[in-house]
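Chains as they are written, first to last, in the numbering used here: chain A, 36 to 330; chain B, 5 to 259.
Working notes, beginning with the structure itself.
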């Protein structure tokens, strides 16, 4: 065969592989949404779960997921930005920084159940935080921080060296150059990474089973004092999230409509993750367009 | 030769090493105030490296060691007390590739001023107009100052970059092959602009283009393999060079 024919064959195979990928993804999405969406209603989204009867919802779990996500991002965003700036802009190339990078890469490939058990031992037991939102948020930080840090570092690295030279040659200090030129330019990439990280955290279950706990005590949505035990904002209360809830009802749920609740909760989870992903694309293209004036 | 009073930068016996490789082998060269000086020579001769020692941009490259003195207004810029940030405000630099920030044209020009703490909108507006006029691009961009600088052509971007440098009001402007990435028309516009800027600024220009050097510079320095071979009035260098290497290079026998 000549090279032209090989080109056609290779292109065909690549299209086939890509098509299979898309079909699998589409099948999964349609399957989950098809099974789950009929059970999703306003009532389902807002009422507490029931352990023994039908008609339970996922209201508290949904709130817990968002609150936990908020706290986890509140802790991990500043740390990852600081660490990413250090690694990209200030760290010298030596054995210490390459050790740091290797550690971050290893940390990012830790199975989340290991992170969960580590969080259980360190945050829940040693630090005495028990099964709490705070333990869960810290465990999620451990789980998410390496990826976020690498994302910030890579976003900053992708900015051309000529921009740094332009800033310095203009008489800006190094910090001014980083803060006023490099970070704004890297912002679309950083924001995308943060939102995708948020999506990953939102769907995380294994790291939370032993840290945020598997129970969702009733919440008093009229009292927002964070020190009140049943307050939605209390960071020291146990909080089962949506993903943990799905795992729990599938392994030991005894309510008669367990299958429907699980299907509905899965659909809600998938939709939330999809919103995060499309939101990331939308926001980053907006930020990029605004900065470059192309849109 | 200009007398001592008119010298703004004097470099004496500057050696520069990349690790163990000696890229500059003892350069002694003075720059007179409000002259255009061209640095020419084949690729790798050290002319850009030398240019970058004048505003200490080589400090950013790991493994570089520099010996010798570079005096600006009689003060050694390699003295330990030198503030490189202040130094680079006095010695602006324009690069080979246009490198505007991905912000609006207006923001590009006022960036240095804003960070120097100037907030007054009128002062900024005025600086934008003056600098863009000096860089001979005002008429082309005055109606779209809020557009991104990235939407301009390469030649326009380069002139915005020059306006950005002018806005900070440096004494000296270093240009590292500023037209080598541009088409002949844009290059010509930038050459004309440099001739107009000569009244107010000391300009040091690295160029590969010998016609460019002969057209616009007052003095020319010829570099070869890390040595300064010859430094004289541009006319002398191009019409009556003293050194054999200079003559060979000018007449196109190598390089």
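A virtual CB, placed ideally from N, CA and C, is assigned to each residue, including glycine.
Predicted, not measured: the structure shown is a model, and the values here were computed from it.
#1: Consult DSSP for residue 88 of chain B and reduce its assignment to one of helix, strand or coil.
#2: Between which two residues does the beta strand (DSSP E) containing residue 42 of chain A stretch?
#3: Who are the neighbours of residue 198 of chain A on chain B, taking C-beta pairs under 8 Å?
#4: Starting from the Cα of residue 78 of chain A, find the closest Cα among A:67, A:86, A:71 and A:91 and give me that residue.
#5: Under a CB-based cut-off of 7 Å, is residue 55 of chain B close to chain A?
#6: So with CB distances below 9 Å, who are the chain A contacts of residue 116 of chain B?
#7: Against chain A, with Cβ distances strictly below 7 Å, would residue 92 of chain B count as a contact?
#8: Of all the CB atoms in chain A, is at least one closer than 7 Å to the CB of residue 119 of chain B?
#9: For the alpha helix (DSSP H) that contains residue 186 of chain A, what are its first and last residues?
#10: Over the uninterrupted alpha helix (DSSP H) stretch that includes residue 143 of chain A, give me the two end residues.
#11: Given a cut-off of 7 Å, decide if residue 225 of chain B and residue 263 of chain B are closer than it, judged by their beta-carbon atoms.
#12: Among B:230, B:214, B:220 and B:176, whose alpha-carbon lies nearest the alpha-carbon of residue 252 of chain B?
#13: Starting from residue 237 of chain B, trace the beta strand (DSSP E) both ways and give me its first and last residue.
#14: Run through chain B and tell me which residues come within less than 7 Å of residue 216 of chain A, C-beta to C-beta.
#15: Any beta carbon from chain B within less than 7 Å of residue 211 of chain A's own beta carbon?
#16: Classify residue 52 of chain A: buried if its beta carbon has 16 or more other beta carbons within 10 angstroms, exposed otherwise.
#17: Per DSSP, residue 25 of chain B is paired with what?
#18: Tell me whether the beta-carbon of residue 246 of chain A lies closer than 7 Å to the beta-carbon of residue 159 of chain A.
#19: Alpha carbon to alpha carbon, how far is residue 263 of chain A from residue 240 of chain A? Give it in angstroms, no decimals.
#20: Using 10 angstroms around the beta-carbon of residue 252 of chain A, count the other beta-carbons present and answer buried if the total reaches 16, otherwise exposed.
#21: With distances taken from CA atoms, which of A:230, A:294 and A:249 is nearest residue 319 of chain A?
#22: Roughly how many whole angstroms lie between the Cα atoms of residue 70 of chain B and residue 22 of chain B?
#23: Between residue 89 of chain B and chain A, is any beta-carbon pair separated by less than 7 Å?
#24: Please state the DSSP three-state secondary structure of residue 129 of chain B.
#25: Would residue 261 of chain A and residue 254 of chain A be called neighbours here (beta carbons separated by less than 7 Å)?
#26: Nearest to residue 225 of chain A by CA position, among A:109, A:286, A:322 and A:85, is which residue?
#27: Between the C-alpha atoms of residue 6 of chain B and residue 223 of chain B, what's the straight-line distance to the nearest angstrom?
#28: Please list the residues of the segment 219-253 of chain A that have a C-beta atom closer than 9 Å to any C-beta atom in chain B, keeping them in chain order.
#29: With a threshold of 7 Å between beta carbons, is residue 201 of chain A in contact with chain B?
#30: Relative to chain A, which residues along the segment 58-71 of chain B have a C-beta separation below 8 Å, given in chain order?
#31: I'd like to confirm something about residue 211 of chain B: is its beta-carbon nearer than 6 Å to some heavy atom of the ligand GTP, or not?
#32: Taking residue 37 of chain B as the reference, which of B:72, B:119, B:147 and B:78 has the closest Cα?
#33: Identify whether residue 12 of chain B lies in helix, strand or coil by the three-state DSSP scheme.
#34: Whose CA, out of A:66, A:279, A:301 and A:116, lies closest to the CA of residue 75 of chain A?
#35: Applying a beta-carbon distance threshold of less than 9 Å, which residues of chain A neighbour residue 99 of chain B?
#36: If you check the beta carbons only, do residue 188 of chain A and residue 123 of chain A fall under 7 Å apart?
In brief:
#1: The count along the second chain starts at 1 and reaches residue 88 of chain B at position 84. Residue state, collapsed to three classes: helix.
#2: For this step, residue 42 of chain A is matched to residue 7 along the first chain. Where residue 42 of chain A is concerned, there is no enclosing beta strand (DSSP E), although the alpha helix (DSSP H) it sits in stretches over 38-71.
#3: Looking up residue 198 of chain A in the first chain gives position 163. In chain order: 103 and 105.
#4: As a first step, residue 78 of chain A is located in the first chain; it is residue number 43 there, counting from the start. Of the listed residues, the one whose Cα sits closest to residue 78 of chain A is A:91.
#5: In the second chain, residue 55 of chain B corresponds to position 51, counting from 1. No, residue 55 of chain B does not count as interfacial toward chain A.
#6: What you label residue 116 of chain B is simply residue 112 of the second chain in a count that begins at 1. Those within 9 Å of residue 116 of chain B in chain A are 205, 206 and 207.
#7: Along the second chain, read from residue 1 onward, the residue named residue 92 of chain B stands at position 88. It does: the Cβ of residue 92 of chain B has a partner Cβ on chain A nearer than 7 Å.
#8: As a first step, residue 119 of chain B is located in the second chain; it is residue number 115 there, counting from the start. Residue 119 of chain B counts as touching chain A.
#9: Here residue 186 of chain A refers to the residue found at position 151 of the first chain. Element bounds for residue 186 of chain A: 168-192.
#10: As a working note, residue 143 of chain A is residue 108 in the first chain. Taken as a continuous stretch (DSSP letters only), the alpha helix (DSSP H) holding residue 143 of chain A covers 130-143.
#11: This structure leaves residue 263 of chain B out entirely; chain B is present only between 5 and 259.
#12: For the purposes of this step, residue 252 of chain B is identified with residue 248 of the second chain, where counting begins at 1. For residue 252 of chain B, the nearest C-alpha among the options comes from B:214.
#13: Along the second chain, read from residue 1 onward, the residue named residue 237 of chain B stands at position 233. 231-237 is the span of the beta strand (DSSP E), which, as asked, contains residue 237 of chain B.
#14: In the first chain, counting from the first residue as 1, residue 216 of chain A sits at position 181. Correct list: 105.
#15: Residue numbering aside, residue 211 of chain A sits at position 176 when the first chain is read from its first letter. Closer than 7 Å to some Cβ of chain B, the Cβ of residue 211 of chain A qualifies, so yes.
#16: Here the question's residue 52 of chain A lines up with position 17 in the first chain. Residue 52 of chain A is exposed by the Cβ-count criterion.
#17: Walking along the second chain from the start, residue 25 of chain B turns up at place 21. Residue 25 of chain B pairs with B:22.
#18: Taking the first chain and counting its residues from 1, the one referred to as residue 246 of chain A is at position 211. Taking the first chain and counting its residues from 1, the one referred to as residue 159 of chain A is at position 124. Yes, Cβ-Cβ distance for residue 246 of chain A and residue 159 of chain A is below 7 Å.
#19: Within the first chain, residue 240 of chain A is the residue found at index 205, counting from 1. Within the first chain, residue 263 of chain A is the residue found at index 228, counting from 1. If you take the alpha carbons of residue 240 of chain A and residue 263 of chain A, they lie about 26 Å apart.
#20: Working through the first chain from its first residue, we reach residue 252 of chain A at position 217. Exposed, since its Cβ has fewer than 16 Cβ neighbours within 10 Å.
#21: On the first chain, residue 319 of chain A is found 284 positions in, with the first residue counted as 1. Distances from the alpha-carbon of residue 319 of chain A to those of A:230, A:294 and A:249 put A:230 closest.
#22: In the second chain, counting from the first residue as 1, residue 70 of chain B sits at position 66. In the second chain, counting from the first residue as 1, residue 22 of chain B sits at position 18. Note on geometry: alpha-carbon atoms of residue 70 of chain B and residue 22 of chain B lie some 9 Å from one another.
#23: Numbered from 1 along the second chain, position 85 holds the residue referred to as residue 89 of chain B. Yes, residue 89 of chain B lies at the interface with chain A (some Cβ there is under 7 Å from its Cβ).
#24: Mapped onto the second chain, residue 129 of chain B falls at position 125. Three-state DSSP puts residue 129 of chain B in a helix.
#25: By one-based count along the first chain, residue 261 of chain A stands at place 226. By one-based count along the first chain, residue 254 of chain A stands at place 219. Result no, Cβ atoms of residue 261 of chain A and residue 254 of chain A do not sit closer than 7 Å.
#26: As a working mapping, residue 225 of chain A is identified with position 190 in the first chain. Per the C-alpha coordinates, the member of A:109, A:286, A:322 and A:85 positioned closest to residue 225 of chain A is A:322.
#27: The sequence position of residue 6 of chain B within the second chain is 2, counting from 1. The sequence position of residue 223 of chain B within the second chain is 219, counting from 1. Since pLDDT at residue 6 of chain B reaches only 44, below the 50 mark, its modelled position is unreliable, and the value read off the structure follows with that caveat. Going by the C-alpha atoms only, they are around 11 Å apart.
#28: 219 and 220
#29: Counted from its first residue, the first chain places residue 201 of chain A at position 166. At least one chain B Cβ lies under 7 Å of residue 201 of chain A.
#30: 59, 61, 64 and 66
#31: Of ligands this structure carries none, so the ligand GTP is not represented either.
#32: Counting from one through the second chain, the residue named residue 37 of chain B turns up at place 33. Comparing Cα positions, the closest option is B:78.
#33: Position 8 of the second chain holds residue 12 of chain B. Looking at residue 12 of chain B - three-state DSSP - the assignment turns out to be strand.
#34: The residue labelled residue 75 of chain A in the question sits at position 40 within the first chain. It is A:301.
#35: Here residue 99 of chain B refers to the residue found at position 95 of the second chain. Neighbours of residue 99 of chain B on chain A, chain order: 197, 200, 201 and 204.
#36: Against the first chain, residue 188 of chain A aligns to sequence position 153. Against the first chain, residue 123 of chain A aligns to sequence position 88. If you check the CB distance, residue 188 of chain A and residue 123 of chain A come in under 7 Å.
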